[in-house]
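A.B. asks:
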Amino acid sequence: MQAFENGPWLPEAQKINHDIVHRKDAQARQIHLFSGRAAKEQNQSHQVQLTAGKYYSFFADCDYSCSDIDLTLKSANGRVVKENSDDDDFPMFGWRANRTGSYTLTVTMPKCSTEQCEYSSQVFMGTKPVFNR
30 MQAFENGPWL
40 PEAQKINHDI
50 VHRKDAQARQ
60 IHLFSGRAAK
70 EQNQSHQVQL
80 TAGKYYSFFA
90 DCDYSCSDID
100 LTLKSANGRV
110 VKENSDDDDF
120 PMFGWRANRT
130 GSYTLTVTMP
140 KCSTEQCEYS
150 SQVFMGTKPV
160 FNR
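If you're matching positions, the sequence shown starts at 30 in our numbering and goes up one per residue.
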């Protein structure tokens, strides 16, 4: 079975993430939407440009063949800024950028029951924190 045959879960998850952000910060807007496929234990990295002083919310979701997906944000020098590596399929975190510049957002697929699993990752920029942690 192909990963994309799992139905419309990712668009639904993206809407849920949007709603989570907008309940806390009505002025927040999505600035990135990444999607792709990854095999078990594979990483996919995406470059994001962040602005100092702005609040960001990061999300990743995967299809029904995936039971664990992780999300890591690294600075230009490779230092981990924030990460969520819980054993779940919906990592999310917030961060207020302390420097303007290019960052790397990495999606890791620890558990995928098919050859490849589909994922999406969203980045929102807002005016206040969405998460308490």
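Ideal Cβ placement from N, Cα and C applies to all residues, glycine included.
Since the structure is predicted, the reported quantities are computational estimates derived from the model, not experimental observations.
Any heavy atom of the ligand NAD closer than 7 Å to the beta-carbon of F153?
C.D. replies: This structure lacks the ligand NAD, and indeed carries no ligand of any kind.
A.B. asks: Assuming contact is defined by CB atoms lying nearer than 8 Å, are S149 and G123 in contact in what I supplied?
C.D. replies: no
A.B. asks: Where does the unbroken beta strand (DSSP E) through K69 begin, and where does it stop?
C.D. replies: Premise fails: K69 is in no beta strand (DSSP E) and is neither H nor E.
A.B. asks: Just to confirm, are K208 and K53 a CB contact at a threshold of 8 Å?
C.D. replies: Past the boundaries of the shown model lies residue 208; the chain is included only from 30 to 162, so the question cannot be answered.
A.B. asks: Is the CB-CB distance between F88 and M138 below 8 Å?
C.D. replies: no
A.B. asks: Which first and last residues belong to the beta strand (DSSP E) in which P40 is found?
C.D. replies: No beta strand (DSSP E) holds P40; the alpha helix (DSSP H) holding it covers 38-53.
A.B. asks: Do you know how far the Cα of T143 is from the Cα of M30?
C.D. replies: Low confidence applies here, because M30 scores a pLDDT of 33, under 50, leaving its location unreliable and the question unanswered by this model.
A.B. asks: For V50, which residues from the same chain have a beta carbon less than 7 Å from its beta carbon, with the 5 sequence-adjacent residues on both sides left out?
C.D. replies: A57, S86, F153, G155, V159
A.B. asks: Could you spell out the range, first to last residue, of the beta strand (DSSP E) harbouring F122?
C.D. replies: 121-125
A.B. asks: Just checking my contact of E147 with D92 at CB under 8 Å: how many whole Å lie between their CB atoms?
C.D. replies: 4 Å
A.B. asks: State the DSSP-derived secondary structure class of E147, mapped to helix, strand or coil.
C.D. replies: Residue state for E147 is assigned as strand, using DSSP reduced to three classes.
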